[in-house]
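These notes are about the structure you will find just below.
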Amino acid sequence: MTDLSMREAYGRALAEYGETNQRLVALDVDTSASTLSKFFAERFPDCFFNIGIAEPCMVDVAVGLALGGFLPFINGFASILSLRALEQIRTCVCYAQTNVKIAAGYAGVSDFKDGATHYSISDLANVRALPNMTVIVPADAAEAAAWVPLIAEYDGPVYLRLSRAGALPVYQSGAKLEIGKGRLLRSGDDLTLVATGTMVGRCFVAAEKLSAIGIDARLLEVHTLKPLDRELLISAAEETGAVVTAEEHNIIGGLGSAVAEALAETVPIPIERVGIPDRFCVTGRDLDKLMDHSGLSVENIIAAAMRVMERKR
Amino acid sequence: MSALTLEKTFELEEIARCLRVDSLKLIYNRGAGHPGGALSAAEIMSVLYFHVLQIDPSRPEWKERDRFILSKGHASAVYYAALTRRGFFPRSELDTWGELDCPHQGHPDRFKTPGVDMTSGLLGHGVAIGVGLGLSARLNKMSYRTYVLLGDGECQGGIVWEGAMAASKFRLANLTVIIDYNNVQLDGPVSAVMPLEPLADKWAACGWHVVEVNGHSVQAVAEALDLAHQIHDRPTAVLAYTTKGRGVSFMENQSYWHGNVPNTEQFKQALIELGEVEND
């Protein structure tokens, strides 16, 4: 992990972006000291609205601000936004096509001290199934910051999934990011690791270990779960013949499902999915160990790679 | 605004009658819709669309316009009736209401029906969205006002009160909510399904200026909305006491008519009661 957390990088980037865009407003639900939307709030107090602990209300207030010509970023915990406020997001943001950006913090199991109520392990499934929604999952702190101006300048609903913590660094500042275009992070021809969010860094480590035993893994970062970069996935499937997906999310409905859907219809090769094995996770003292405990370890990735290589033969 | 002239009063009453007739025709022709809550809101919609709202049908996107949200989106028939009568789109577009190729949806869609400021359908959104519009007007230093029409049963949902607290916190005097308090919902009387009383006290306790009026008196509704203009530190809630199915004897106060469609005989009877003579 790096010292800089994804939430801090995001929070600082949002405040920075506020200097360049007068239409930007931010909302929070009594979590600005956690999501770190407080950096924006401190700099632009007149453009920041604390709605109290009422996520559905925050979504709808943001919708009204969008209708009034503003660019609202809403901030809160992914677990509540994607569940309690999902109807507001579905009806008033996605269906009504309002330009609301949802910064969903504390995603996955990153709030490791608080446990399963606070973890968000089904949010990608929930929001991915909504028409008109764009779903972005940064891999590390630097990438989280880089997405802020990009999603702000994109016209339409965006769900930006943020970890409370940092992640193994994979993004070089200034590297090209484009909504809907995955990134090739490592070349390889034996199989393809397809990762999103905090699992990208772990897949890098797994790829190096695989290399040491003679398996040459390609690594793709799919930061945009929707719209999915099908072309990149199809070419990787054709060229390597096997895919392992990895995400800090339930095994159901997230990246693994999206990739399997795309490839089953095009290049039906063996796929293995690494994710939380459809169970509620426990509280931990340390995020790295909790992730390992939750089925997201480097060893889990390597084991999946070995399985998929076996199936490929 | 000032008190209605006698002439204006008669005009708004006649428009309310026409909105009832139009609503029933739309619902009957479509074979679907919600007559009870359309009929109860006819005077409210008449006063809003033909007296209060600063709008321009030739410029539905005019930035300075007053905003209106039909939070009780199932009353779309009376909304569409008002919008066509006000000139936002030709009434003929509604001849195929319910058909796949008709742009106008079962519930209001802001991209498909000119004059609709916000898509609605599932209940509960209007107040909080109104808060966002009210904040927008303030940030933009614009003088437009936002009006939200709620159903009474809708007030059983918690998000209405989340929005009510937020409007109060931000002292949004440019926001006015009207509650169509007909005391009947899908499953029966509101007071039996989930009592709301004391509803006026609840809005007041949330920090709102509250006015209680006869929702079938165009004068009373107009005066209440006028009064809201004179309150500068709080949002206003107008509790408009109405009758579900107003104007059609067999529909009045009957939960059956929340979402059912009259048959041909009932439809003809309803038109007669509403003073509409069929030419055939």
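Line by line, the protein sequences are chains A and B.
Under this note's numbering, the very last position in the first sequence is 313; numbers go up by exactly one each time.
Under this note's numbering, the very last position in the second sequence is 1280; numbers go up by exactly one each time.
Glycine included, C-beta positions come from ideal geometry on N, C-alpha and C.
Per-residue DSSP class, three states only, for A:His223:
coil
Using a Cβ-Cβ distance cut-off of 8 Å, determine whether A:Phe73 contacts chain B.
no
Note down, in chain order, each residue of its chain lying with its Cβ closer than 6 Å to the Cβ of A:Thr245, except the 5 sequence neighbours on either side.
Shown here for A:Thr245: same chain residues with a beta carbon closer than 6 Å to its own, the five before and five after excluded, namely Val194, Leu255, Gly256, Val259, Arg273 in chain order.
List the residues that DSSP assigns as beta-bridge partners of A:Ile271.
Answer is A:Val243.
Measure from the C-beta of A:Pro45 to each C-beta in chain B and report whether the shortest distance is under 8 Å.
Residue contact with chain B for A:Pro45: absent (no Cβ-Cβ distance below 8 Å to any residue of chain B).
Under 8 Å between the Cβ atoms of A:Ser163 and A:His118?
no
Residues of its chain near B:Leu1274, where Cβ-Cβ distance is below 8 Å and the 5 sequence neighbours each way are ignored
Arg1017, Arg1020, Val1021, Leu1024, Gly1247, Val1248
Write down the C-beta distance between A:Leu296 and A:Glu248 rounded to the nearest angstrom, noting that I regard them as a contact closer than 8 Å.
The Cβ separation is near 6 Å, so the contact holds.
Between B:Ala1075 and chain A, is any beta-carbon pair separated by less than 8 Å?
no
I want to know whether the stretch 1159 to 1166 of chain B touches the stretch 93 to 102 of chain A - three or more CB-CB distances under 8 Å.
no
Just the Cα atoms here: how many angstroms apart are A:Cys92 and B:Ser1143?
24 Å
B:Pro1035 by DSSP, collapsed to three states: which one?
Three-state DSSP puts B:Pro1035 in a helix.
For the 8 Å Cβ check, are there 3 or more pairs between the stretch 200 to 208 of chain A and the stretch 50 to 58 of chain A?
No contact exists between the stretch 200 to 208 of chain A and the stretch 50 to 58 of chain A.
Alpha-carbon spacing of B:Asp1280 relative to B:Thr1264, whole angstroms:
In this prediction, B:Asp1280 scores a pLDDT of 48, lower than 50, which makes its location untrustworthy; no coordinate-derived value is stated.
Sequence-distant residues of its chain with Cβ nearer than 7 Å to A:Val29 (five each side left out):
Ile51, Gly52, Ile53, Ala54, Glu55, Met58, Gly76
Do B:Ser1136 and B:His1107 have their beta-carbon atoms positioned less than 8 Å apart in this structure?
no
Boundaries of the alpha helix (DSSP H) in which A:Tyr17 is found, first to last residue:
6 to 18
Roughly how many whole angstroms lie between the Cα atoms of B:Val1177 and B:Gly1121?
Straight-line Cα distance between these residues: approximately 17 Å.
Please give me, in chain order, every unbroken run of the alpha helix (DSSP H) with length at least 4 that falls completely inside the stretch 1120 to 1167 of chain B.
Considered as a whole, the stretch 1120 to 1167 of chain B harbours 1126 to 1139 as its complete alpha helix (DSSP H) runs of no fewer than 4 residues, in chain order.
Near-chain B residues of the stretch 85 to 104 of chain A (beta-carbon distance less than 8 Å), N- to C-terminal order:
Glu87, Gln88, Thr91, Cys92, Tyr95, Ala96, Gln97
B:Ala1220 beta carbon less than 8 Å from that of B:Val1213:
yes
Can you tell me which of the three DSSP states B:Asp1280 falls into?
Because the pLDDT of B:Asp1280 is 48, which lies under 50, any placement of that residue in the model is unreliable, and the number read from its coordinates should be weighed accordingly. Three-state result, B:Asp1280: coil.
Using the C-alpha atoms, what's the distance from B:Trp1257 back to B:Leu1186?
8 Å
Below 8 Å CB to CB, which residues in the same chain sit around B:Glu1197 once its five sequence neighbours on both sides are set aside?
Ser1191
Coarse secondary structure for A:His249, derived from DSSP in three states:
strand
Interface residues of chain A facing B:Ser1136 [CB-CB closer than 8 Å]
Gly64, Leu65, Leu67, Gly68, Gly69, Phe70
How is B:Pro1116 classed by DSSP in three states: helix, strand or coil?
According to the sequence as given, residue 1116 of chain B is Val; it is not Pro. Coil at B:Val1116, not helix or strand.
Limits of the beta strand (DSSP E) - the one that B:Ala1204 falls within:
That residue, B:Ala1204, is in no beta strand (DSSP E); its alpha helix (DSSP H) goes 1199 to 1205.
Examine chain B for any beta-carbon lying closer than 8 Å to the beta-carbon of A:Pro157, and answer yes or no.
no
Under 7 Å Cβ-Cβ, which residues of chain B neighbour A:Ile51?
Counting only Cβ-Cβ distances below 7 Å, A:Ile51 has contacts in chain B at Ala1166, in chain order.
How would you list, in chain order, the residues of chain B whose beta-carbon sits under 7 Å from the beta-carbon of A:Val244?
Within 7 Å Cβ-Cβ: nothing; A:Val244 doesn't reach chain B, min ~40 Å.
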